[in-house]
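Residue 310 in my numbering is what sits at position 126 of the sequence shown, and the numbering runs on without skipping anything. Everything on this sheet refers to the single structure shown next.
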Amino acid sequence: MGRSHSSSAQKRKKLYISYNDSIETIAFSPCCTSNDVRELLIAVCCAPHNSSLKLVDNQGHLVPISPTLECNTPEKPYELLVTTARRDSIMEIKKLVANMGQIFERIVECNGNHEDLIKKIEYLESQLQVEGFQAIELEKCKNDLMKLKCKISDEFSLTRVQVHVTTPSSAKRDVPLYPKYILSGETIAYLKQPTFDMWNWEPNEMLALLEHMYTDLNLTTEFKINVIVLKKWLKAVQKKYRNNPFHNFRHCFCVAQMMYGMVHSCNLQNKLSRKDLGILLTACICHDLDHPGFNNTYQINARTELAVRYNDISPLENHHCAVCFEILADPETNIFANVDKEEFKEIRQGIIDLILATDMARHGEIVQHFKSVAKNFKWDDPTHIKQLQAIMIKCCDISNEVRPFNVAEPWLECLLEEYFTQSDREKCEGLPVASFMDRNKVTKPTAQIGFIKYVLIPLYETLCELFPEIESTMLQPLKDAYVYYESKKLEDDLAKDDHNRNKTCQALLDEKHELERRLAGAEKTISNLAVVVTNSDNTSTKIQ
């Protein structure tokens, strides 16, 4: 299987949209955002900006509104569906607010139970999340709810009602800013493939895809995760990833997506418990939180705060764990808030173990442990399961070369950029510099050949002993990548040899020209001397 470069030409896309029995045309650059495409569609239908838009292809499937939409023809246009704000639901909320006020008055009067009121508040909050409400109506309902909460607090404290009142934490939660996306069947199927191209998706879209993974694997049901808490948690995680060339939020998504695809490829949703699947996916999402862009070697050699804090033992991985549980310590972003204490201890330990397993210093140890159980693997043995989880997160963390070339190569460029930044700083600070990070020594082929041959291929071969079904989709692409980079190195070596030969030939030619110049100078000198001698002889003869 060969690899070829993808075209980098950026052409404007033209799409044909069917709306109200007429065909409209929109055109945009692939570099624009999903919001830009949505604005064009809003212009087509002349709808309010808070309207809900949906696109349907010629087969009747919903498709995401994004720059990645496939080009179509006037004969097969996308159908645009528009839904305006649902005022009947708004009126229902207004009635609920009024009803809760009446219920509140009755509760205060009789000093009775307030559970009815709490249930009404929770129902109202769920209604506030309905898509398509007008912003002004939403704000009014939220203000009414806030006033009611204040009144509850004041009145119950004044009348000294001896009832434990717990205001639901969700009562003060706002829906995160990223919009709700409707994923097409094609997108859902594509998300499970190792060929998934994450470069075509914007951060908000990646958040929506991660949210879908939790829903699809029934993790929201297993851990009783409130959908708003899940959104807020994902948003908080995204904010904790720095804008590094490589270790950034897109890398986090890349690792989680490969894990999600591996779960489906190996049918792990029917082999592992939901708790173990939740530990795997959560660890992938959190495994590089707040990565500074400089590896453990630098942290230790430079004696950074992280290295001192964690005694030079996996300083980055320990830091990622700490940040992960700082986020989960906030009730607003704790997706495990509804599990019991003992189960949370197991989840916490599982996530810590997996994030620590991503330290490449432990690579050989983890691979050897898994090899010892792979041939006699027992799905009911917790130790075997933990070793499987460790090898899986390692595979996903360094899985870029499993993907197609046009997806994998940009990741290599990002990684080298991060490496070069570190090595430049190490040179300035007088610290040791690894040759594979030195911009004066490393090339793309030399960076990948040894890594693929001695790390990636043996790692995936080990996993294939348990899951032979991924050999063609994950192991074979690695072997193809190895052949590709070997051929590139050979080309580079030949080009370098040609350059050296040309340089040698040029040097010899320059030397020849220099000798010829010097020889010509010597001949001229001899000729001049001969003239002088001849003139001297003639003078002597005349004197005689």
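Just so you know, even glycine gets a beta-carbon here, dropped at the ideal spot from N, CA and C.
Over what stretch of residues does the beta strand (DSSP E) that includes Leu237 continue unbroken?
The residue given as residue 237 occupies position 53 in the sequence shown. Per DSSP, the continuous beta strand (DSSP E) segment holding Leu237 begins and ends at 236–240.
Going by CA-CA distance only, name the one from Trp383, Glu675, Leu647 that's closest to Thr252.
Locating residue 252 in the sequence shown gives position 68, counting from the first residue. The option with the nearest alpha carbon to Thr252 is Trp383.
Mind pulling the beta strand (DSSP E) runs of 3 or more residues that sit fully within the segment 585–652?
Counting whole runs of 3 or more residues, the segment 585–652 contains no beta strand (DSSP E) stretch at all.
If we count Cβ pairs, one from each stretch, closer than 8 Å, do we get three or more for the segment 527–545 versus the segment 446–454?
At 8 Å Cβ cutoff, the stretches do not touch.
Return helix, strand or coil for Val349, following the three-state DSSP convention.
To locate residue 349, count along the sequence shown from 1; it is residue 165. Here Val349 scores only 34 on pLDDT, less than 50, and its place in the model is too uncertain to base an answer on.
Helix, strand or coil: how does DSSP classify Thr267 here?
Start at 1 with the first residue of the sequence shown, and residue 267 comes out as number 83. If DSSP states are grouped into helix, strand and coil, Thr267 belongs with the strands.
Please identify the residue among Lys408, Phe478, Leu540, Lys559 whose C-alpha is closest to the C-alpha of Tyr603.
If you number the sequence shown from 1, residue 603 lands on position 419. When only C-alpha atoms are compared, the closest one is Phe478.
Cα-Cα separation between Ile519 and Phe407, rounded to whole angstroms
The residue you call residue 519 lines up with position 335 of the sequence shown. The residue you call residue 407 lines up with position 223 of the sequence shown. Straight through space, the alpha carbons of Phe407 and Ile519 are spaced by roughly 8 Å.
Count the other CB atoms within 10 Å of the CB of Trp385; is the residue buried (16 or more) or exposed (fewer)?
Within the sequence shown, the letter at position 201 stands for residue 385. The residue is buried, with at least 16 neighbouring Cβ atoms inside 10 Å.
Taking only runs that begin and end inside the segment 367–396, name each unbroken alpha helix (DSSP H) of 4 or more residues, in chain order.
Taking only runs of at least 4 residues, the alpha helix (DSSP H) segments lying wholly in the segment 367–396 are 369–374.
List the endpoints of the continuous beta strand (DSSP E) containing Glu208.
Taking the first residue of the sequence shown as position 1, residue 208 is located at position 24. Here the beta strand (DSSP E) through Glu208 covers 206–212.
Three-state secondary structure (DSSP) at Lys198?
Against the sequence shown, residue 198 aligns to sequence position 14. Here Lys198 sits in strand by DSSP.
Length of the line joining the Cα atoms of Arg222 and Glu613:
Along the sequence shown, read from residue 1 onward, the residue named residue 222 stands at position 38. Along the sequence shown, read from residue 1 onward, the residue named residue 613 stands at position 429. Computed Cα separation, rounded: 49 Å.
Under the rule that 16 or more other beta-carbon atoms within 10 Å means buried, what is Ser720, buried or exposed?
If you number the sequence shown from 1, residue 720 lands on position 536. Its Cβ having fewer than 16 others within 10 Å, Ser720 is exposed.
Measuring CB to CB, does Ile239 end up less than 8 Å from Val228?
Looking up residue 239 in the sequence shown gives position 55. Looking up residue 228 in the sequence shown gives position 44. Position check: residue 239 holds Leu in this sequence, whereas Ile was assumed. In this structure, Val228 does not lie closer than 8 Å to Leu239 by Cβ.
Apart from the five residues on each side of it in sequence, which residues of its chain come closer than 6 Å, Cβ to Cβ, to Gln483?
Stepping through the sequence shown from its first residue, residue 483 is reached at position 299. Correct list, in chain order: Leu490, Ala491, Pro499.
Assuming contact is defined by CB atoms lying nearer than 8 Å, are Ile577 and Ala545 in contact in what I supplied?
Numbered from 1 along the sequence shown, position 393 holds the residue referred to as residue 577. Numbered from 1 along the sequence shown, position 361 holds the residue referred to as residue 545. No.
Which class does Tyr262 belong to by DSSP, given the choice of helix, strand or coil?
Along the sequence shown, read from residue 1 onward, the residue named residue 262 stands at position 78. In this structure, Tyr262 counts as strand in the three-state DSSP scheme.
Using DSSP with H/G/I as helix, E/B as strand and the rest coil, what is Val247?
For the purposes of this step, residue 247 is taken as residue 63 along the sequence shown, with counting starting at 1. Strand at Val247.
Return the bridge partner residues of Thr257 from the DSSP annotation.
The sequence position of residue 257 within the sequence shown is 73, counting from 1. According to DSSP, residue pairing for Thr257 in a beta bridge involves Lys260.
Given a cut-off of 8 Å, decide if Pro261 and Ile201 are closer than it, judged by their beta-carbon atoms.
Here residue 201 corresponds to residue number 17 of the sequence shown, with the count starting at 1. Here residue 261 corresponds to residue number 77 of the sequence shown, with the count starting at 1. Yes.
From which residue to which residue does the alpha helix (DSSP H) around Tyr482 run?
The residue you call residue 482 lines up with position 298 of the sequence shown. Per DSSP, Tyr482 belongs to the alpha helix (DSSP H) from 480–485.
Please tell me whether Val732 and His568 are closer than 8 Å, where the distance is taken between their beta carbons.
Given that the chain is displayed from residue 185 to residue 728, the structure contains no residue 732 and the question cannot be resolved.
Contact between the segment 468–475 and the segment 616–626 is defined here as three or more beta-carbon pairs at a separation below 8 Å; is this criterion met?
The answer is no - the segment 616–626 does not touch the segment 468–475, with fewer than three Cβ pairs under 8 Å.
May I ask you to report which of helix, strand or coil DSSP gives Tyr203?
Reading the sequence shown from its first residue, position 19 is the one you call residue 203. DSSP places Tyr203 within a strand segment (E or B) once states are collapsed to three.
Expected contact under 8 Å - CB spacing of Thr646 and Phe554 to nearest Å
As a working mapping, residue 646 is identified with position 462 in the sequence shown. As a working mapping, residue 554 is identified with position 370 in the sequence shown. With 8 Å as the limit, Thr646 and Phe554 qualify as a contact, their Cβ atoms being about 6 Å apart.
Backbone secondary structure at Cys579 - three-state DSSP:
Sequence index remark: in the sequence shown, residue 579 carries index 395 (1-based). DSSP places Cys579 in helix when its eight states are reduced to three.
Buried/exposed call for Ser656, threshold 16 Cβ in 10 Å:
For the purposes of this step, residue 656 is taken as the residue at position 472 of the sequence shown. Using a 10 angstroms sphere on the CB of Ser656, the tally of other CB atoms stays under 16, which defines it as exposed.
So, Lys416 versus Glu516, is the Cβ gap smaller than 8 Å?
Looking up residue 416 in the sequence shown gives position 232. Looking up residue 516 in the sequence shown gives position 332. Taking 8 Å as the cut-off, the beta carbon of Lys416 is found closer than this to the beta carbon of Glu516.
Cβ-based neighbour list, Lys673, same chain, cut-off 7 Å, excluding 5 preceding and 5 following
As a first step, residue 673 is located in the sequence shown; it is residue number 489 there, counting from the start. Scanning its chain for C-beta atoms nearer than 7 Å, with the 5 sequence neighbours on each side dropped, one finds around Lys673 the residues Pro629, Thr630, Ile633, in chain order.
Do Leu391 and Lys424 count as a contact pair if the criterion is CB distance below 8 Å?
In the sequence shown, the residue the question calls residue 424 occupies position 240. In the sequence shown, the residue the question calls residue 391 occupies position 207. Going by C-beta atoms, Lys424 is not nearer than 8 Å to Leu391.
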